[in-house]
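As numbered in my numbering, residues 3 to 979 make up the sequence shown, in order.
Just so you know, even glycine gets a beta-carbon here, dropped at the ideal spot from N, CA and C.
Please read all numbers here as calculations on a predicted model, not as lab measurements.
Take a look at the structure set out below.
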Amino acid sequence: MSVLILCHFALALFAAPLARRWGTRAFLVLALPPAAAAVWALTRWSTTAAGGTDTTEWRWLPAYHVDWALRLDALAELMVLLAAGVGTLVLVYCASYFDDRSRQLGRFAGNLLAFAGAMLGLVLADDLVLLYIFWELTTVFSYLLIGQTSDHKRNRRSALQALTVTALGGLTMLVGFLLLGHEAGTYRISAILADPPPPSAALSAAVVLILVGALSKSAIWPFSLWLPNAMAAPTPVSAYLHAAAMVKAGVYLVARLAPAFAEITPWRPLLLVLGSLTMLLGGWRALRMNDLKLVLAYGTVSQLGFLTVLAGAGGHDTGLAATAMILGHALFKAPLFLVTGIVDHATGTRDLRKLSGLGRRLPAVCAVAVLAGASMAALPPLLGFAAKEAAFQTLLDGSTGDRWALAAAVAGSALTTAYTLRYLWGAFARKPGVPDTGAHPVPTAFLAPPAVLALACLVLGPGAPWLQDLLGAYAAQFPAPGHPYHLALWHGAGLALGLSAAAWAGGVLLFLASGPVLRVGHALALRSADRVFGGMLLALERTALQCTGLVQRGSLPAYLVTTMSVVLAGQIAVLVVDEPWTGTPAPRLWDHPTQAGVALLTCAVALLCLGVRRRMKAVVLAGLTGYGTALLFVAQGAPDLALTQFCVETVSMIVYVLVLRRMPVYFEENFSRWRRLMRMPVALAGGAAVAVVLWIMAGHRRAESAGAAMVEETAHHGLKDVVATILVDLRAWDTMGESAVLAAAAVGVTSLIYLHRRTDAAEQPVLPLPGDHPHAALRTGDQPHTAPRTAWQASRYESAGLPSGDEGAPERTWLAASATLAPERRSLVLEVVARLIFHPVLVLSVYLLLCAENLPGGGFVAGLTAGVAFIARYLAGGRHELADAVRFKAGLFTGLGLFLSTATALGGLGEGTVLHGWTWHGHLPLWGDAHLSTAVLFDCGVYLLVLGVVLDIVRALGARIDRQIERAAPRPEEGRA
3 MSVLILCHFA
13 LALFAAPLAR
23 RWGTRAFLVL
33 ALPPAAAAVW
43 ALTRWSTTAA
53 GGTDTTEWRW
63 LPAYHVDWAL
73 RLDALAELMV
83 LLAAGVGTLV
93 LVYCASYFDD
103 RSRQLGRFAG
113 NLLAFAGAML
123 GLVLADDLVL
133 LYIFWELTTV
143 FSYLLIGQTS
153 DHKRNRRSAL
163 QALTVTALGG
173 LTMLVGFLLL
183 GHEAGTYRIS
193 AILADPPPPS
203 AALSAAVVLI
213 LVGALSKSAI
223 WPFSLWLPNA
233 MAAPTPVSAY
243 LHAAAMVKAG
253 VYLVARLAPA
263 FAEITPWRPL
273 LLVLGSLTML
283 LGGWRALRMN
293 DLKLVLAYGT
303 VSQLGFLTVL
313 AGAGGHDTGL
323 AATAMILGHA
333 LFKAPLFLVT
343 GIVDHATGTR
353 DLRKLSGLGR
363 RLPAVCAVAV
373 LAGASMAALP
383 PLLGFAAKEA
393 AFQTLLDGST
403 GDRWALAAAV
413 AGSALTTAYT
423 LRYLWGAFAR
433 KPGVPDTGAH
443 PVPTAFLAPP
453 AVLALACLVL
463 GPGAPWLQDL
473 LGAYAAQFPA
483 PGHPYHLALW
493 HGAGLALGLS
503 AAAWAGGVLL
513 FLASGPVLRV
523 GHALALRSAD
533 RVFGGMLLAL
543 ERTALQCTGL
553 VQRGSLPAYL
563 VTTMSVVLAG
573 QIAVLVVDEP
583 WTGTPAPRLW
593 DHPTQAGVAL
603 LTCAVALLCL
613 GVRRRMKAVV
623 LAGLTGYGTA
633 LLFVAQGAPD
643 LALTQFCVET
653 VSMIVYVLVL
663 RRMPVYFEEN
673 FSRWRRLMRM
683 PVALAGGAAV
693 AVVLWIMAGH
703 RRAESAGAAM
713 VEETAHHGLK
723 DVVATILVDL
733 RAWDTMGESA
743 VLAAAAVGVT
753 SLIYLHRRTD
763 AAEQPVLPLP
773 GDHPHAALRT
783 GDQPHTAPRT
793 AWQASRYESA
803 GLPSGDEGAP
813 ERTWLAASAT
823 LAPERRSLVL
833 EVVARLIFHP
843 VLVLSVYLLL
853 CAENLPGGGF
863 VAGLTAGVAF
873 IARYLAGGRH
883 ELADAVRFKA
893 GLFTGLGLFL
903 STATALGGLG
913 EGTVLHGWTW
923 HGHLPLWGDA
933 HLSTAVLFDC
943 GVYLLVLGVV
953 LDIVRALGAR
963 IDRQIERAAP
973 RPEEGRA
């Protein structure tokens, strides 16, 4: 089972290259995984029909009792056959529906196949958390499929609406799952169904929250608005997601949990009332639609309400009828959607007011539609009739609530008959006053998928008893009545058949009276739910804008004062009420006088920052406070922390300086004396409050320190550096998370500067200036690349338009691109220093990386050190020097670092858990005894990631800003003018 699910996702990754190579024929290849899943499910029919199960289990998160658990039973067997079988036919249908010129064909194919894999995982999941993961995957992929044509506003809006409704329902359901798992003591679904927790308020709340998720997924009122709008998606998406797969997920979840929770108080009233209401509202709305897809869409909403009633009734016979109806609905609704796509493809329209005479032009298509429509209207001898008879009879034999639901079902069935006739008449009948619609021939391969599904309705109608064993195995989870219902096409003339006849007659009358029905419908129509949803979103946006305008005035000092005041008030309140300092030992002022001296100097520098008006001076003073903190780490005996602090502070100061080039020299905000006097106490009190809280927290430690255990664990592996071991082994999860956040932050910052491209390769053309240096060229390989001169690079003599000569520029070129700088902007000392320290600093970074097991160092510090080496090249030679020093994009280093760290983490799965460490010991020629651990590989990933982040920031804040300054500089011609 796991292999089948993973095959869907694995092949989906190759959908784009397959589509580029083979065009629409790639869909036939992509249909292989769902076809294999359907064949596998058929081979397990006899086992599941006999009440047996197939299970797969893998301990995933044992500490949280979350497992990769899959289980195939009778209900899962039915859903796998639907999801995989219909999915296979839809993918085959796509090969004819699209052409090789269709936009983003590979992305669509990959998303559709990945959705099929997610749906397969959803119906097989035997763990609540795993089910939720696949549940949300179907939400994400449906969002991508609905918004396939993203340049159309309607598609974007429909996709966002579906995502909003179903994702909010999914999050609500997740809370219900957590409550249910807590009450049951396990997240295993089969265990919960076998031994459900006793009724309680918490259990009732969990059931309601879960049902919110299920109802939103299956478009049950009041969540039904998203499904009709989702018809903006391509027709194959509508046929699969909105007829056979995604919308069935909610009904499946109700059917899955019904045997255990149907007796919980809110279950039956909630599902019977909302299901009946949805059935009537959806069917009534379908009678007023003119788009064939919208007729089917609102009909689908109505049918989903009917399925919810049957699955939620929670009885043996209604469970049998529910599963039969689930199968029947998929087999007649999917081909109708596919036929709609064929009609649209052949005629260019789905408007039933413009279609006429297609029954004669496309007789085979009409025959398939009539066959599927007859099953939807529950006419004998089709499967829809057998399922509808079972539903009527089982509701008739049920409780009082079931009989009220039966009345709604009969009325809904009449509406179903009416909109079925409207669909068939609108698509294929010849209409007076409307010319016959032209249509091109339909290939057999195009018609084959809907024809197979429609023929299945015809075969399984008389063959309904063949389904009894499988569907009865699910129904057996409920208490069996004295005379259980059995599926059959004909149960004789009875009240159920009379109700069916009444529904047929009522549907025919509604169809014949379509004019008055439309007028009544428009007169009684309330405000569209779609407009209500749009109004709610607009009101939310306006409220957010008003709140933002109220609290965000664009003043960073105001934000800081507000934040610190709130935090300070909360801390003071806790300190005053709880008096946590009681019993806390008094703090020592220092362990060594050196600490006091460094602390006093650091505090003095911090106080000097308060009166600074120049930005550069403020940066330097702030950097000195960081260096002072690093000295405190040295005095405390923490060389790893000190080394990291020194590197971070150095890189940070350089970044600040690069940014300040585009900012005024002085702070522009003018603060009055009283405002400054108000802010200084807040800052000082905030620092004092943090210090007090840290003192109290350290003094209230009651458990033994983990330091001794970590030292022992580190020594057990033959290592000495405890800090590095913690970062790359004992707490490697934290390091992975921090690395991902660091990469995301760097990408976000640089993306704000590189709005379109993140490369230095493409240069805007700049006119050359007089007096270009004769050697101003960069050599790339064997081809010289002449760097264009700009006013930023020009000397004052050139800018003034004077003849060029020897203005004292050094003759020796120490760096590859130093000649691209204007002579007065070059520094011989800086070039020589950069040339001399570049390679030693890089070697030092590698040393810090590899010695981290036993000496201070590590991937983070080593990456910063390597970044400092490249920064020195940039400061000495400019952006062209940086480009010459680093021939690859910075993102390559970041990506390789993340890949290496993640691959090392996943490699631990070979021993059972993520990030499981191992060490190789061996003997190398000329080297001697050697060992290599996964911690070193993980640290190498951190090294590359940090180096990539530093390079990305320097290129964005350095080279990019250099280019902006050059373009903004005046040309010599402008100066002469």
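For a test of the three-state rule: what should DSSP assign to residue i, helix, strand or coil?
| i | result |
| --- | --- |
| residue 66 | helix |
| residue 57 | strand |
| residue 189 | coil |
| residue 957 | helix |
| residue 616 | strand |
| residue 359 | coil |
| residue 487 | coil |
| residue 85 | helix |
| residue 51 | helix |
| residue 215 | helix |
Which one or two residues does DSSP pair with residue i in a beta bridge?
| i | result |
| --- | --- |
| residue 935 | 921 |
| residue 71 | 59 |
| residue 20 | For residue 20, which the question treats as bridged, DSSP gives no partner whatsoever. |
| residue 465 | BP columns for residue 465 are empty, so no partner. |
| residue 293 | 353 |
Here's a check: name, in chain order, each residue in its chain whose Cβ is nearer than 7 Å to the Cβ of residue i, leaving out the five neighbours to either side.
| i | result |
| --- | --- |
| residue 208 | 178, 181, 182 and 185 |
| residue 408 | 394, 397 and 398 |
| residue 351 | 357 |
| residue 261 | 195, 479 and 480 |
Quick one: what's got a C-beta closer than 6 Å to residue i's C-beta in the same chain, skipping five residues either side?
| i | result |
| --- | --- |
| residue 644 | 632, 635 and 636 |
| residue 215 | 171, 172, 174 and 175 |
| residue 93 | 29, 32 and 33 |
| residue 210 | 268 |
| residue 550 | none |
| residue 812 | No answer about residue 812 holds up, because its pLDDT of 46 lies below 50 and its placement is not dependable. |
What separation, rounded to the nearest whole angstrom, lies between the Cα atoms of residue i and residue j?
| i | j | result |
| --- | --- | --- |
| residue 2 | residue 220 | As shown, the chain starts at 3 and ends at 979. That puts residue 2 outside it, with no answer to give. |
| residue 642 | residue 725 | 7 Å |
| residue 1004 | residue 436 | Nothing can be reported for residue 1004: it is not among the residues displayed for the chain, which extend from 3 to 979. |
| residue 10 | residue 381 | 37 Å |
| residue 588 | residue 123 | 58 Å |
| residue 615 | residue 603 | 21 Å |
| residue 544 | residue 538 | 10 Å |
| residue 84 | residue 542 | 39 Å |
| residue 630 | residue 639 | 14 Å |
| residue 270 | residue 264 | 6 Å |
| residue 599 | residue 592 | 10 Å |
Sorted by chain position, which residues of the same chain lie with C-beta nearer than 8 Å to residue i's C-beta, five sequence neighbours on each side aside?
| i | result |
| --- | --- |
| residue 666 | 617 |
| residue 712 | 724, 727, 728 and 732 |
| residue 108 | 17, 18, 19, 20, 21, 22 and 28 |
May I ask you to verify whether the segment 189-208 touches the segment 244-253, counting CB pairs closer than 8 Å and requiring at least 3?
Between the segment 189-208 and the segment 244-253 there are fewer than three C-beta pairs closer than 8 Å, too few to call the two in contact.
Spell out a yes or no on whether the segment 422-439 and the segment 311-326 are touching, meaning 3 or more CB-CB pairs, one atom from each, closer than 8 Å.
Cβ pair count under 8 Å is below three, so no.
Between the segment 44-62 and the segment 70-86, are three or more C-beta pairs nearer than 8 Å?
At 8 Å Cβ cutoff, the stretches touch.
Report yes or no: do the segment 392-401 and the segment 431-449 share at least 3 C-beta pairs separated by less than 8 Å?
Contact between the segment 392-401 and the segment 431-449 is absent, because fewer than three Cβ pairs lie under 8 Å.
Give a yes or no on contact between the segment 941-953 and the segment 846-863, applying the rule of three or more CB pairs nearer than 8 Å.
With the cut-off at 8 Å, the segment 941-953 and the segment 846-863 touch.
Count the C-beta pairs between the segment 368-383 and the segment 443-461 that are closer than 8 Å, then say yes if the count reaches three, no if not.
In the pairwise beta carbon analysis, the segment 368-383 is classified as touching the segment 443-461: at least three pairs are separated by under 8 Å.
The segment 483-496 / the segment 334-346 touching (three or more Cβ pairs under 8 Å):
No, they do not touch.
If you pair each beta-carbon of the segment 947-964 with each one of the segment 657-665, do three or more pairs fall below 8 Å?
Contact holds between the segment 947-964 and the segment 657-665, because three or more Cβ pairs, one in each stretch, are under 8 Å apart.
Cβ contact check for the segment 93-109 and the segment 12-27: 3 or more pairs under 8 Å:
Contact between the segment 93-109 and the segment 12-27 is present, with at least three C-beta pairs closer than 8 Å.
Just checking, does the segment 53-68 make contact with the segment 295-307 on the three C-beta pairs under 8 Å criterion?
They do not touch, by the three-pair rule.
Count Cβ pairs between the segment 877-894 and the segment 926-939 that sit closer than 8 Å; are there 3 or more?
The segment 877-894 vs the segment 926-939: no contact.
Does the segment 109-122 touch the segment 223-231, meaning 3 or more C-beta pairs lie closer than 8 Å?
Contact fails: fewer than three Cβ-Cβ distances are below 8 Å.
Is it true that the segment 435-452 meets the segment 352-365, where meeting means three or more beta-carbon pairs spaced less than 8 Å apart?
Proximity of the segment 435-452 to the segment 352-365 meets the contact definition, three or more beta-carbon pairs being nearer than 8 Å.
Are the segment 37-46 and the segment 104-115 touching by the rule of at least three beta carbon pairs closer than 8 Å?
Contact check between the segment 37-46 and the segment 104-115: fewer than three CB pairs, one atom from each, fall below 8 Å, which does not count as touching.
Counting pairs of beta carbons, one from the segment 267-284 and one from the segment 142-152, are three or more of them closer than 8 Å?
Contact between the segment 267-284 and the segment 142-152 is absent, because fewer than three Cβ pairs lie under 8 Å.
Is the number of C-beta pairs between the segment 860-873 and the segment 699-706 that are closer than 8 Å three or more?
Segments in contact, no.
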